[in-house]
Each structure stands twice: as C-alpha cells, then as structure tokens.
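Trainee: Numbering follows our numbering, in which position 113 of the sequence shown is assigned residue number 113; successive positions increment by one, without gaps.
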Amino acid sequence: MPCACERSKATSRCRDCLQCPLQCEECVRDGHRLNPLHWVETWNGRYLEKKDLSDLGFEMYLGHGGLPCKYALSAAHPITYTITHSNGVHRVIIHECHCPSRRPSVSQLLRAGLFPATLNRPESAFSFDVLRQWDLHFLTSKKGAYDYFNALRRLTDNSGTRTVKNRYREMNVVGRVWQHLTAEKRAGLPHGLVLPNRAPSITVPCVACPWPGFNMPANWKDTPSELAYIHASELGGDGNHGLQKKRKRDDPDDVSLSEGQGYFVHPSKMQSYLEAIDSEPAPETCSGFKVGRAQRPGKFRNLEVSGVVAVICIRHGCFRPGAMVDLQKGERYASSHTYSSLSDR
Ligand SMILES: [Zn+2]
Ligand SMILES: [Zn+2]
Ligand SMILES: [Zn+2]
Ligand SMILES: [Zn+2]
1 MPCACERSKA TSRCRDCLQC PLQCEECVRD GHRLNPLHWV ETWNGRYLEK
51 KDLSDLGFEM YLGHGGLPCK YALSAAHPIT YTITHSNGVH RVIIHECHCP
101 SRRPSVSQLL RAGLFPATLN RPESAFSFDV LRQWDLHFLT SKKGAYDYFN
151 ALRRLTDNSG TRTVKNRYRE MNVVGRVWQH LTAEKRAGLP HGLVLPNRAP
201 SITVPCVACP WPGFNMPANW KDTPSELAYI HASELGGDGN HGLQKKRKRD
251 DPDDVSLSEG QGYFVHPSKM QSYLEAIDSE PAPETCSGFK VGRAQRPGKF
301 RNLEVSGVVA VICIRHGCFR PGAMVDLQKG ERYASSHTYS SLSDR
C-alpha cells in the first residue's frame, strides 16, 4: 500500500498518536519532530514490530523548535541518549544547538523538557513528564523507585525478549533532586521570596493561623485581654510510634538536601537542646508520658528512632514547620516538649 505522500510504501505507524494511519518512514519521522518519545511499529514482512523512532533514522534537534541548527557542524556528532519517559525507556539521537550564543548542554536539555542524569557530559535523561508521574505515584501510593522503574521497563518490552537499559540508580538520584527542586520552587526560595517572621523553609505553612506581619493587624498587641483569644494559636502534639528506624549502617553520602528547612527540627539545634536538657529530671507527675514506661523491655532494642512526635495546628490540621522530632526510646519529656522551645513557626 502506498503512503498518502505517494513517495513510497506505507510500512510504519505510530502507536502513541491517535488514529495514526500506516505511513512511509519519512512521513513518520516528519510528523514526530516535536514528539520524539513515541513508539512506532514497522512491518517487517511477518508482523508489525515495535521500534524506537531512532530505529527509523529519526534525530532530535535542540534549541530551534525541533529544526536543525544552522551552525551545526558536520564534524559535531550527535549524542545517543537513553531517555526514560512515562511510556518506557527510549534511545534518542540528539543534536545540540551550536549557535555562537548557545546555552550549555544541560540547559538545552532542560529547556526541551529533559532532566539530565548527570551534569557532566550527560548521556541519560528523564522527561519532565515521567518525573512528575513518579513524584505523584511516590506520594499517593508510596511506590518505590525500583517498582516504578520495573513498570517502565515492562512498558518498554513486556515480553522479556529485548534488553532494556537499566536506569534505576539514576532515577533514584534524579527523582529525589526533582522532588527537592519542586519543593524549593513552590516555597519561592529560588526567587528570594521571604515571608515575615519565618525562617527559610520548603514547607507549606498554615496561612489561616495567626501570623504576625502576614495576616494579623499591625496593632494586634494592643488587643484587650478579654479579646486576646482571637489571636490565639491552637496547637496540638501527638506521637507516632510506628514510624521507626532500625539501627543499620548508613550510606555516608546519603545526605539531606533540605536539612532544617522542612518539618523536622534542625539536627544540630536538637542535639544541643537535648544535651542541655539531659540533666533535668522528667516530671513524674505528668500522666501524658506514660507510653514509654508501659512498653515491654527490649522493644526498642536495635531501634535508632522509635517514633516521631509532631505538632499540628488543631484547627486546620496543618503540620508546623520545624516542629517534628525523632524519639530515641518511647516518649520522652524532652522530645515531647521540644516544639514549645524550638518551633520556628
Ligand atoms: Zn506519534
Ligand atoms: Zn509518506
Ligand atoms: Zn543553534
Ligand atoms: Zn492553622
């Protein structure tokens, strides 16, 4: 059957474009200048074989809306990338822009919606789409990167007869950096957004709670005492003893990207506080801290963190930034009272 262009035989069609008719390879390539991550199938004489666009000779150009760069030197070879997208792992041949005012390679990739796996001569990248999907799967179904990548591998080839490049390790790192950058962006940190009476934080604060300089009248301190309850902040604290961490050898390179900027108290602040409070005996009269005493002995053996205590505003149910601590052994007076002295906001 001839292609609609009448130049040659129609042998290929796209699996991801809706209602895509059989076309010649040239028409398929021309139609995917801006959709390089579609799967195509080509008639091989016996059946329609699933292929990457690069198998049909497709090459992607950066920086000029999908068109070749005028300055692309014939000597400058394209780079073969492994690109992980939400429909599988692709092999894509990419030509960079070579204009005199060109941007660095990483910047060119990011502007095309591709997140490089490394900053130095990247050859692997992830589409923004797959990172966004991974983030939502992680947050809504607690899926691990290993299982998510396994699904992507099966989307690439579910028969197990083709070799699929394994980008699980890269996905672990890139996914985490993506989540961190997203949180920073939403908090306005890259734009220098500073809110009054708030330490730099990547958390979402409760904007309905009274907040001096943000949503309270300038003269709130002059409110008569009988009306002071209007400006009261109602906080509640509770512990979760199921959120535990066993004692094990940690990876020293596994560092936090946002230490002290999230919901947990900054570790150094916590350490100095605990050292200062260690000499103080816990008040035995308090009935609220009996959980630790009621546990059977040995329950906390081999546990580095036996639970967490967090503070929320009880009217709106928002966690307070910088007001969550790890518990070392059951519920302790010092940990449980940390929020009152350490909470930033
Ligand atoms: Zn398509
Ligand atoms: Zn054609
Ligand atoms: Zn160019
Ligand atoms: Zn609130």
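Positions of the beta carbon are idealized from the N, C-alpha and C atoms, including for glycine.
Let me know the secondary structure DSSP gives GLU304 once reduced to three states.
Mentor: Of the three classes helix, strand and coil, the one that applies to GLU304 here is strand, per DSSP.
Trainee: Taking 6 Å as the cut-off, is the CB of CYS209 close to at least one heavy atom of ligand 3?
Mentor: Not under cutoff, so the answer is no.
Trainee: Assuming LEU109 and ALA125 make a contact with CB atoms under 8 Å, what is their CB distance in whole Å?
Mentor: LEU109 to ALA125, Cβ: 6 Å. Contact.
Trainee: Can you grab the Cα-Cα spacing for the pair GLU49 / TRP39, in whole Å?
Mentor: Distance between the alpha carbons of GLU49 and TRP39: 10 Å.
Trainee: Within the chosen definition, does the region 90–105 reach the region 58–78 through at least 3 CB pairs nearer than 8 Å?
Mentor: Yes, the region 90–105 touches the region 58–78.
Trainee: Give the range of the beta strand (DSSP E) segment to which PHE319 is assigned.
Mentor: Looking at the DSSP string, the run of the beta strand (DSSP E) that includes PHE319 is 318–327.
Trainee: With a threshold of 6 Å (Cβ to nearest heavy atom), would CYS3 be considered close to ligand 3?
Mentor: Answer for CYS3: no, Cβ out of range of ligand 3.
Trainee: So who's on the other strand from LEU139, going by DSSP bridges?
Mentor: DSSP, once it has assigned bridges, lists no residue as partnering LEU139.
Trainee: For PRO190, which residues of its own chain have a beta-carbon under 7 Å away from its beta-carbon, when the five flanking residues on both sides are left out?
Mentor: The residues are GLU184.
Trainee: Looking at the secondary structure, which residues open and close the beta strand (DSSP E) in which THR80 lies?
Mentor: Note, THR80: beta strand (DSSP E), 79–85.
Trainee: For ligand 2, is there a heavy atom less than 6 Å away from the beta-carbon of GLN23?
Mentor: Result yes, Cβ under 6 Å from ligand 2.
Trainee: Given the structure, does CYS350 come close to ligand 4, in the sense that its CB is under 6 Å from one of the ligand's heavy atoms?
Mentor: Examination of residue 350 is not possible in this model, given that the chain is present from 1 through 345 alone.
Trainee: Return the bridge partner residues of VAL311 from the DSSP annotation.
Mentor: Its beta-bridge partners are GLY237.
Trainee: For ALA117, count neighbouring Cβ atoms within 10 angstroms of its own Cβ and tell me buried if that reaches 16, exposed if not.
Mentor: It is buried - the Cβ of ALA117 has at least 16 other Cβ atoms within 10 Å.
Trainee: At a cut of 8 Å, does the region 198–205 reach the region 143–163 through at least three beta carbon pairs?
Mentor: No, they do not touch.
Trainee: Does the distance from the CB of SER86 to the CB of GLN133 come in under 7 Å?
Mentor: In this structure, GLN133 lies closer than 7 Å to SER86 by Cβ.
Trainee: Buried or exposed: which applies to ARG29, given that a residue is buried once 16 or more other Cβ atoms fall within 10 Å of its Cβ?
Mentor: Per the 10 Å Cβ criterion, buried.
Trainee: With a threshold of 6 Å (Cβ to nearest heavy atom), would CYS97 be considered close to ligand 3?
Mentor: True, at least one ligand heavy atom lies under 6 Å from that Cβ.
Trainee: Take the Cβ of ASP52 as the centre, count every other Cβ of all protein chains shown within 10 Å, and call the residue buried at 16 or more, exposed below.
Mentor: With 16 or more other Cβ atoms within 10 Å, it is buried.
Trainee: For ASP344, which residues in the same chain have their Cβ closer than 6 Å to its Cβ, ignoring the five residues on either side in sequence?
Mentor: Any answer about ASP344 is weak, because its pLDDT of 45 lies below 50 and its placement is not dependable; what the coordinates show is given next. Once the five neighbours on either side are set aside, the close Cβ partners of ASP344 are ALA199 and GLY322.
Trainee: Which residues does DSSP list as the beta-bridge partners of LYS246?
Mentor: LEU303, per the DSSP bridge assignment.
Trainee: Taking only heavy atoms of ligand 1 into account, decide whether any of them is closer than 6 Å to the Cβ of HIS85.
Mentor: Every heavy atom of ligand 1 is 6 Å or more from the Cβ of HIS85, so no.
Trainee: So, helix, strand or coil for PHE264, using DSSP?
Mentor: Reduced to three states, the DSSP call for PHE264 is strand.
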